[in-house]
Amino acid sequence: MGNKIRLTTAQALIRFLNQQYIEVDGVETPFVEGIFSVFGHGNVLGIGQALEQDAGHLKIFQGKNEQGMAHAAIAYSKEKLRRKIFAVTSSSGPGSANLVTAAGTALANNIPVLLLPADTFASRQPDPVLQQIEQDYSPAVTTNDALKPVSRYWDRITRPEQLMSSLIRAFEVLTDPAKGGPVTLCICQDTEGEAYEYDEVFFQKRVHYLDRAEPNERELVAAEQLIRSSTKPLIVVGGGAKYSGAREELIHISETYGIPLVETQAGKSTVESSFPHNLGGLGVTGTLSANKAAREADLIIGIGTRYTDFATSSKTAFDPEHTRFLNINVSRAQAYKLDAVTVVADAKQAIQRLQERLTGYSSAWGSQIGEWRQEWAAERQRLAEISFQREGFDPEIKGHFTQEQLNEYADALQTELTQTTALAMVNEAVDSDSIVIAAAGSLPGDMQRMWQADTPNTYHLEYGYSCMGYEIAGALGAKIAHPDREVYALVGDGSFLMLHTELITAMQYDYKINIVLFDNSGFGCINNLQMGNGGGSFYCEFRDTSNRIMNIDYAKVAEGYGAKVYRANTPDEIRAAIEDAKGHDGCTLIEMKVLPKTMTDGYESWWHVGVAAVSERESIQAAHASKQHMLEKAKQY
Numbered sequence: 009m010g011n012k013i014r015l016t017t018a019q020a021l022i023r024f025l026n027q028q029y030i031e032v033d034g035v036e037t038p039f040v041e042g043i044f045s046v047f048g049h050g051n052v053l054g055i056g057q058a059l060e061q062d063a064g065h066l067k068i069f070q071g072k073n074e075q076g077m078a079h080a081a082i083a084y085s086k087e088k089l090r091r092k093i094f095a096v097t098s099s100s101g102p103g104s105a106n107l108v109t110a111a112g113t114a115l116a117n118n119i120p121v122l123l124l125p126a127d128t129f130a131s132r133q134p135d136p137v138l139q140q141i142e143q144d145y146s147p148a149v150t151t152n153d154a155l156k157p158v159s160r161y162w163d164r165i166t167r168p169e170q171l172m173s174s175l176i177r178a179f180e181v182l183t184d185p186a187k188g189g190p191v192t193l194c195i196c197q198d199t200e201g202e203a204y205e206y207d208e209v210f211f212q213k214r215v216h217y218l219d220r221a222e223p224n225e226r227e228l229v230a231a232e233q234l235i236r237s238s239t240k241p242l243i244v245v246g247g248g249a250k251y252s253g254a255r256e257e258l259i260h261i262s263e264t265y266g267i268p269l270v271e272t273q274a275g276k277s278t279v280e281s282s283f284p285h286n287l288g289g290l291g292v293t294g295t296l297s298a299n300k301a302a303r304e305a306d307l308i309i310g311i312g313t314r315y316t317d318f319a320t321s322s323k324t325a326f327d328p329e330h331t332r333f334l335n336i337n338v339s340r341a342q343a344y345k346l347d348a349v350t351v352v353a354d355a356k357q358a359i360q361r362l363q364e365r366l367t368g369y370s371s372a373w374g375s376q377i378g379e380w381r382q383e384w385a386a387e388r389q390r391l392a393e394i395s396f397q398r399e400g401f402d403p404e405i406k407g408h409f410t411q412e413q414l415n416e417y418a419d420a421l422q423t424e425l426t427q428t429t430a431l432a433m434v435n436e437a438v439d440s441d442s443i444v445i446a447a448a449g450s451l452p453g454d455m456q457r458m459w460q461a462d463t464p465n466t467y468h469l470e471y472g473y474s475c476m477g478y479e480i481a482g483a484l485g486a487k488i489a490h491p492d493r494e495v496y497a498l499v500g501d502g503s504f505l506m507l508h509t510e511l512i513t514a515m516q517y518d519y520k521i522n523i524v525l526f527d528n529s530g531f532g533c534i535n536n537l538q539m540g541n542g543g544g545s546f547y548c549e550f551r552d553t554s555n556r557i558m559n560i561d562y563a564k565v566a567e568g569y570g571a572k573v574y575r576a577n578t579p580d581e582i583r584a585a586i587e588d589a590k591g592h593d594g595c596t597l598i599e600m601k602v603l604p605k606t607m608t609d610g611y612e613s614w615w616h617v618g619v620a621a622v623s624e625r626e627s628i629q630a631a632h633a634s635k636q637h638m639l640e641k642a643k644q645y
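Position 262 of the sequence shown, counted from 1, bears residue number 270 in the numbering used here, the numbering being contiguous throughout.
Here is the structure:
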């Protein structure tokens, strides 16, 4: 038996976190960067005391909202390609409940984060304690049980000695690229302060090895045969390709064998937009060039993708009669999707091994790749130059609003700025190595189509969960990961209202973030959805009880917090604001009033949504009939 050391459960936890390292490709680094906290009665006297006594190398950030600080932790890990994490601690009750949304975000995106919500008393003697819920069927149920379905691994610590086995299991999950996701360890608040004689060996340095999974010979033979039998293969670059660091391999296999690339939201900027074989985003938020290629391809090579409904246009993006699938993924479950031939392996390793075997192969795409890129470049330029007209405005752009409704918005918001023009100007003005963050609303569609990511790994979209309120907290996490680069949160007014308080945290710890706010006075994306499927404009616009469009001064909100603010409603004002913000040391907010119905849409894509099968509106009846027609075309897997 080794030497013993008497510690509280919380002190043992913090000491253990300080000794966890990860090794990737021979490079060893500490795995846990720090802890975000909102202290309450459930954790301040346990984990709080342990951190105050000896935090080791862990950086400590005081969050303002549990969901927000957890989103910052998720964004940090995503920027570090899942090779470093933050832990997040909250009190029991509402603090723990606030973590549920963030845990879902991490789970959907396969991002590791360690959640440490306090729990009620293991002894149950003071029960019911402050913030404790009570269920008649079981006294063991607490708020933290709500985190079970959104955690990759979940445990409740009721005894100090349970911590040891639970932490070993937790870090096995956190460092596994196939299972990476949120780990939740609920520690009862009395247990946090209880002491135990821990063996010192438990606190020795541990190195977790991220070994790249190699494809086996059977998989390589099957993959090679499938590619050689195809004439027009297409590579779908997913988030797994980015986390694997497979940029050079993707470029090499694409150039050598004439295989074009298309991107998911998570995979965008793995290879820069300027790469001649990169056709851009795929699916509902995709480019016309990418969607044309997907329709014509006879083989889809999915690399590190989950094939979400947006990426596949609800499984209508491909020709179900003639298209086959080859999936490369570290997750066996993901590799099986769409009845594919599977290669369960690391993306970088698998591509390296495949490109060695394809000597002499050439696709039949030829000049079509370049022609499609030119076609899309012309369309992007058109979108960037759209100007609003008070009479005869392009109906393709104004969508289902009448000219009079758009004029009403122009008067209320005192702007004639279109969203696509605003986005193009922002893209043009920011430095190419800047990191851009977005998550929800219409901006992800506009950005996947229009944003030119000319530096790899600068495009950060949370679209696995499309969580409103992620953007500003995510920008903080990205800035902590890259303190030497400019970070921009592109956010709609709806998402800003959902959650923006980690702006205070960024200012508190001198992490400069830039918020670019697109204000169209409503939930514009969902308004498009309801009207595009035959409905009216129902409770998605921001109108007061007198039916007037609300014009909110968001710049004044940020100014009250202490940020430098700009109001920019013309292309020249946008350029000037961004240039000035670059020279400012602190956080900034650029408020842009943009007209609704001026975002991108369509490009031969379709989204399967729940259109009402019974309605008095003929327009909804027509939308439902159109849906049924599209379902007949969908690949049924």
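Ideal Cβ placement from N, Cα and C applies to all residues, glycine included.
None of the values given here were measured: they were computed from a predicted structure.
The region 431 to 438 makes no contact with the region 479 to 491; the number of CB pairs closer than 8 Å stays below 3. Straight through space, the alpha carbons of Q538 and L89 are spaced by roughly 37 Å.
By the neighbour-count criterion, in which a residue is buried when 16 or more other Cβ atoms sit within 10 angstroms of its Cβ, N555 is exposed. An exposed status is given to I176, since fewer than 16 other beta-carbon atoms sit within 10 Å of its beta-carbon. L425 carries a coil assignment under DSSP once its states are collapsed to helix, strand and coil.
Here the region 626 to 639 does not lie against the region 555 to 566, with fewer than 3 beta-carbon pairs under 8 Å apart. Less than 7 Å separates the beta-carbon of A353 from that of A221.
F526 is positioned such that its CB atom lies closer than 7 Å to that of M600.
Cβ-Cβ distances below 6 Å link T423 to N577, K601 in the same chain, with the five nearest sequence neighbours on each side left out; the list follows chain order. Bounds of the alpha helix (DSSP H) holding Q516 are 510 to 516. The continuous beta strand (DSSP E) containing M600 extends over residues 596 to 601. For A126, the pairing in a beta bridge is given by DSSP as I195.
In this structure, R361 places its C-beta atom within 7 Å of the C-beta atom of P223. With a 10 Å radius around the Cβ and a threshold of 16 neighbouring Cβ atoms, D347 comes out exposed. Counting along the chain, E205 sits inside the beta strand (DSSP E) bounded by residues 203 to 207.
Nearest C-alpha to G374 among S173, A254, S262: S262.
One thing to note: G288 has its Cβ no nearer than 7 Å to the Cβ of A302. By the Cβ criterion, the region 36 to 51 is in contact with the region 89 to 106, since at least three pairs of Cβ atoms, one from each stretch, lie closer than 8 Å. Approximately 5 Å separates the beta-carbon atoms of D454 and M607; this is inside 8 Å, confirming the contact.
DSSP, reduced to helix, strand and coil, places Q342 within a helical segment of the structure shown.
Apart from the 5 residues on each side of it in sequence, R236 sits with its Cβ closer than 6 Å to the Cβ of Y369 in its chain, given in chain order. Where K572 is concerned, the enclosing beta strand (DSSP E) starts and stops at 572 to 575. In the same chain as H616, and ignoring 5 residues on each side of it, the C-beta atoms closer than 6 Å to its own belong to S322, in chain order. Per the DSSP secondary-structure output, Y217 pairs in a beta bridge with E31. For A58, same chain residues with a beta-carbon under 6 Å away, outside a window of 5 residues either side, are A18, Q19, I22 in chain order. Burial state of Q342 is buried, judged by a 10 Å Cβ sphere holding 16 or more other Cβ atoms. Excluding the 5 residues flanking it on each side, D552 has same chain C-beta neighbours closer than 8 Å at M558, in chain order. Following the DSSP letters along the chain, one finds E41 inside the beta strand (DSSP E) bounded by residues 40 to 45. If you draw a straight line from the Cα of L507 to the Cα of E470, it is about 15 Å long.
A straight line joining the alpha-carbon of K86 with that of R457 spans about 22 Å.
Contact check for G594 and A566: beta-carbon distance about 11 Å, past the 8 Å limit, so the pair fails to qualify. For the options P241, N286, K300, the alpha carbon positioned closest to that of N335 is the one of P241. A Cβ-Cβ distance of about 6 Å is found for the pair T199 and I165, placing them in contact under the 8 Å criterion.
Going by C-alpha positions, N536 is about 47 Å away from E31. For L525, DSSP records a beta bridge to V499, E599.
Restricting attention to alpha helix (DSSP H) runs no shorter than 4 residues, the region 138 to 195 encloses them at 170 to 182, ordered along the chain.
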